[in-house]
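J.: Going by UniProt numbering, the first residue of the sequence shown is number 1, and it counts up by one from there.
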Amino acid sequence: MNSFASKVMLFLVAAVLVISSIGLSPASAWTPFKDVSSSDVEIDYLYDRGLIKGISSNQFGPDYSVTREQAATLIGRALGLSGTERKTKFSDVSSSSYSSGYIQSAVDKGIITGYPDGTFKPKQTMTRGEMAYLLSRAFNLTKTSTVFFTDIKQDSSSTSLYTAVNKIATAGISNGTGGGSYSPNKELIREEFAIFLARALEPKFKVAFQNATIAKLYSTTDNLNVRSGPSTSYKVIGQIHTNNEVQVYGYSGNWVYGKSGSLTGYFSLSYLAKATSKPSRVMVIDAGHGGSDPGAVANGLVEKEVNLDVSLRVERMLKAKGINVLMIRRTDVFYTLDYRAAYGVKNGADAFVSIHANAYTPGTSGSETFYSASVANDSKQLATFIQNRLYKAMEHNNRGVKEYDYRVLAANPLPAALVELGFLTNSGDAAKLATSTYRERAASAIAEGIEDYYDWKQQ
Ligand SMILES: [Zn+2]
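(1) What would DSSP say about M283, mapped onto helix, strand or coil?
(2) From I75 to D44, what distance separates their C-alpha atoms?
(3) In the DSSP output, what is T125 paired with across the bridge?
(4) When you compare the stretch 333–345 with the stretch 305–315, are there three or more beta-carbon pairs, one atom per stretch, that lie closer than 8 angstroms?
(5) Around the Cβ of A351, are there at least 16 other Cβ atoms within 10 angstroms (buried) or fewer (exposed)?
(6) For M317, write down the residues that DSSP places opposite it in a beta bridge.
(7) In whole angstroms, what is the alpha-carbon distance linking T177 and F90?
(8) Which runs of the beta strand (DSSP E) at least 3 residues long sit entirely within the UniProt domain "SLH" (86–149)? Give them in chain order.
(9) As a quick check of your reading: which residues have a C-beta less than 5 angstroms from at least one non-hydrogen atom of ligand 1, in chain order?
(10) Nearest CA to the CA of H289: which residue from N299, D309, G300?
(11) Under a three-way DSSP split, which group does V302 fall into?
(12) So which of Q247, N243, I103, E303 has the shortest CA-CA distance to A138?
(13) Where does the unbroken alpha helix (DSSP H) through F193 begin, and where does it stop?
(14) In the DSSP output, what is A273 paired with across the bridge?
(15) Buried or exposed: N58, going by 16 or more other Cβ atoms within 10 Å of its Cβ?
(16) Are the beta-carbon atoms belonging to T242 and S268 less than 7 angstroms from one another?
(17) Closest to T88 by CA distance: which of T113, A383, A200, V282 is it?
(18) Quick check on this structure: which residue in I152, F148, E42 has the alpha carbon closest to the alpha carbon of K206?
(19) What's the gap between the Cα of M283 and the Cα of Q458?
(20) Which class does S311 belong to by DSSP, given the choice of helix, strand or coil?
(21) Assess contact between the stretch 216–232 and the stretch 168–188, defined as three or more Cβ pairs (one per stretch) separated by less than 8 angstroms. Is contact present?
(22) In chain order, what residues of the same chain have a beta carbon less than 7 angstroms from the beta carbon of A447, not counting five sequence neighbours either side?
(23) Taking residue 473 as the reference, which of V246, A411, L141 has the closest Cα?
(24) Tell whether a beta-carbon distance below 7 angstroms holds between A212 and G180.
(25) For E440 and V401, what's the separation of their Cα atoms in angstroms?
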């Protein structure tokens with residue numbers, strides 16, 4: 001081929017390349033590589049631009065490692081640096097080496113520095129940490145952000161590994177290797193190199209950096225300040241509350257950087273614990289009737305007195321279980337049903353149980369527990385947990401769990417149940433309810449049922 005012919009051939013090749021790059025190529029990019037999936041768009045992108053080649057005509061070799069001279073060559077090509085083979089400053093890169101031009105160009109641009117002993121170690125595999133340095137210099141990355149990797153110590157000096165990795169993370173080039181790691185000492189493979197390079201070159205491939213959640217901690221205090229930096233001298237940007245979850249992104253001394261709800265910032269480690277303390281359990285116990293309203297009266301028993309005695313026993317037992325109790329009454333006083341129904345929600349309780357005794361025909365006996373379906377909550381479960389224990393403890397008829405809109409239930413926004421301990425009008429039930437033994441048994445069943453309910457709620 002004479003020189004003119006070869007120039008024509010070059011022109012034709014160039015023309016074909018130009019045409020294919022302006023849209024005559026298929027809509028989905030294509031590479032000849034059988035070991036690259038069609039979703040590897042970054043590899044397609046680089047291949048289309050002639051920036052990468054395969055290890056053979058149809059193999060890209062995505063898992064092969066990248067040597068330092070290969071990396072320098074690829075970066076040099078991507079940046080359009082001179083690849084003309086020439087003498088380099090490194091004793092181990094000869095002027096006849098294919099990579100010598102790109103290596104020396106990269107040195108001239110301050111992109112690579114080599115080792116203190118004057119070598120470049122061109123055949124040595126590049127690590128992910130070295131790639132961070134290479135990319136941050138090659139693309140003049142300057143921006144940093146709050147970036148945490150568990151395997152890289154924070155170090156704000158401009159030449160630190162942390163700063164280099166921070167820059168490529170902030171630039172949307174790397175999100176790390178998962179689980180909060182960057183794996184700086186891991187050998188870089190060709191696929192990773194291609195992805196990094198494509199992201200550095202083309203904004204559409206960039207990933208929004210997101211710190212990984214490496215632990216979950218919970219606030220042990222109310223009104224815990226969230227700050228813009230890791231000390232009390234930084235601005236307060238919000239507050240979280242007892243048992244609020246903090247997704248931990250990283251640790252900085254005695255501070256945690258992380259996210260709680262919509263707040264991202266620093267939290268003092270002194271006020272965070274591994275597990276949530278038991279969520280607040282605040283139960284309202286309502287001894288039915290009272291004062292001018294005696295309730296049912298039969299077989300020598302007055303309902304308001306039985307209700308109060310059993311309620312006080314329930315209070316004692318719940319407190320022993322670590323459950324907070326708000327009592328509607330501890331003495332023989334009258335309160336309206338609306339007062340009782342609204343009391344719990346006004347005072348920070350999370351559930352309500354009203355305690356009563358029944359009256360009907362002498363032959364009717366047994367216990368039953370009511371809930372209202374008019375408020376959508378866990379009232380039926382609360383009633384069921386109590387009733388399942390109560391009739392057994394009372395050793396009498398199980399009249400079951402029933403739906404009825406008693407005022408203290410239907411007007412109550414909390415999960416609420418109304419317990420009927422037994423029938424004062426039935427001699428058998430009345431005889432039991434006259435004794436402290438059965439009152440204690442009934443109270444214990446109610447307290448256990450309430451605890452069952454809270455345990456169930458916690459699941
Ligand atoms: Zn009653």
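From the three backbone atoms N, C-alpha and C, an ideal C-beta is built for every residue, glycine too.
T.: According to the structure shown:
(1) As a working mapping, residue 283 is identified with position 283 in the sequence shown. Strand at M283.
(2) Your numbering for residue 75 matches position 75 in the sequence shown. Your numbering for residue 44 matches position 44 in the sequence shown. The straight-line gap from Cα to Cα measures roughly 17 angstroms.
(3) As a working mapping, residue 125 is identified with position 125 in the sequence shown. DSSP lists T67 as partners of T125.
(4) no
(5) On the sequence shown, position 351 is the one that residue 351 refers to. Counting Cβ neighbours within 10 Å, A351 comes out buried, since at least 16 surround it.
(6) Along the sequence shown, one-based indexing puts residue 317 at 317. Its beta-bridge partners do not exist; DSSP assigns none.
(7) Taking the sequence shown and counting its residues from 1, the one referred to as residue 177 is at position 177. Taking the sequence shown and counting its residues from 1, the one referred to as residue 90 is at position 90. Computed Cα separation, rounded: 32 angstroms.
(8) none
(9) G288, G295, H356
(10) Against the sequence shown, residue 289 aligns to sequence position 289. Looking at the Cα atoms, D309 is the closest of the given residues.
(11) In the sequence shown, the residue the question calls residue 302 occupies position 302. DSSP places V302 in strand when its eight states are reduced to three.
(12) Here residue 138 is taken as the residue at index 138 of the sequence shown, counted from 1. The candidate whose alpha carbon is nearest that of A138 is I103.
(13) Position 193 of the sequence shown, counted from the first residue, corresponds to residue 193. That run of the alpha helix (DSSP H) goes 190–201.
(14) Sequence index remark: in the sequence shown, residue 273 carries index 273 (1-based). BP columns for A273 point to Y218.
(15) Counting from 1 along the sequence shown, the entry for residue 58 is found at position 58. Label assigned to N58: exposed.
(16) The count along the sequence shown starts at 1 and reaches residue 242 at position 242. The count along the sequence shown starts at 1 and reaches residue 268 at position 268. In this structure, S268 does not lie closer than 7 angstroms to T242 by Cβ.
(17) Translated into positions along the sequence shown, residue 88 becomes position 88. The candidate whose alpha carbon is nearest that of T88 is T113.
(18) What you label residue 206 is simply residue 206 of the sequence shown in a count that begins at 1. Ranking the options by Cα distance to K206, first place goes to E42.
(19) As a first step, residue 283 must be located in the sequence shown, where it is residue number 283. As a first step, residue 458 must be located in the sequence shown, where it is residue number 458. Looking at the two C-alpha atoms, the distance is approximately 15 angstroms.
(20) Walking along the sequence shown from the start, residue 311 turns up at place 311. Reduced to three states, the DSSP call for S311 is helix.
(21) no
(22) Taking the sequence shown and counting its residues from 1, the one referred to as residue 447 is at position 447. The answer, listed in chain order, is V314, M317, L318, K321.
(23) There is simply no residue 473 to check, as the chain begins at 1 and stops at 459 in what is shown.
(24) Against the sequence shown, residue 212 aligns to sequence position 212. Against the sequence shown, residue 180 aligns to sequence position 180. For A212 and G180, yes; Cβs fall inside 7 angstroms.
(25) Against the sequence shown, residue 440 aligns to sequence position 440. Against the sequence shown, residue 401 aligns to sequence position 401. For E440 and V401, the distance between alpha carbons rounds to 21 angstroms.
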